[in-house]
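Residue numbers 127 to 336, in our numbering, belong to the letters of the sequence shown in order.
Virtual Cβ for every residue (Gly too), placed ideally from N, Cα, C.
Note that the structure is predicted; figures quoted are calculated from it, not measured.
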Amino acid sequence: MRIASASVVVLLLGIGMSLGRDGKEPPAKPDPKEAPWSEAVEGLQCWLEADKAVWKVDEVPTFRLHVRDQGKRDLEIHMAQDACKLEFDGAWFDWTGPVSILAGTWPAGRQYEDFEVRVTLEARWASSNKPIALKPGNHKVRVAYVTLDRKQPVRVVSNAVEILVGAAEPIPRKDTDQAVRELKEEVKALRQQLEKIEKRLSEIEKAKNK
């Protein structure tokens, strides 16, 4: 259920955005004047940045979508990836997981610093009922921020961000050599067991022919 409350948004902007999710100071951000802000749509703009450029294969990449409004009408805004759209390697994805959206009115001309939406590449993003597949390699990501205005929602698309998902960690050479030795021992044991079985069968055949 959507909760519309301007005071809630002010609280989120004034307190929630001052610290990261883990309670630590967020990383330093580029000068807003130099940031790759998108083309304005009714004064609304956004830009996307990855928390880091290279990710391990078992990590879930995370991003920050910065939003600002320089328009002339009030907008129903939110701070939830649930209400956004995600473009991954050229295909658009919708959020299919549980939805919990806090929303409020962004008065025309009001400026907020550090207004951002946390975006993660979880499997709950889906396109044509197929979940997002995060494979090793280079990937491009964009996010569309969509306001919650019922009559005339505003949709603005961010810049594209490239990330690299690394391959799985290679097995150390020592572990590989050890695995080979163990397999050879298993093969040797199986051969010895097979020889015993063949010998026993031969003895049985000889006994039957007497």
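With Q171 as the anchor, note down where its beta strand (DSSP E) starts and where it stops.
-> L170 to A176
Report the option in V243, V280, Q278 and D220 whose CA atom is closest to the CA atom of W251.
-> D220
Q304 to K314 span [Cα, whole Å] | 15 Å
Would you kindly check if the distance between the Cβ of A176 and the Cβ of I289 is under 8 Å?
-> yes
Secondary structure of N288, DSSP reduced to three states | Reading the sequence as shown, one finds Glu at residue 288 and not Asn. If DSSP states are grouped into helix, strand and coil, E288 belongs with the strands.
According to DSSP, is S328 helix, strand or coil?
-> helix
Best match in T188, D195 and G216 for proximity to V280 [C-alpha to C-alpha] = D195
From T246 to A206, what does the alpha carbon distance come to, in whole angstroms?
-> 11 Å
Helix, strand or coil at N335 [DSSP, three-state] = helix
Quick one, which of E248, P224 and T302 has its alpha-carbon nearest P187's?
-> E248
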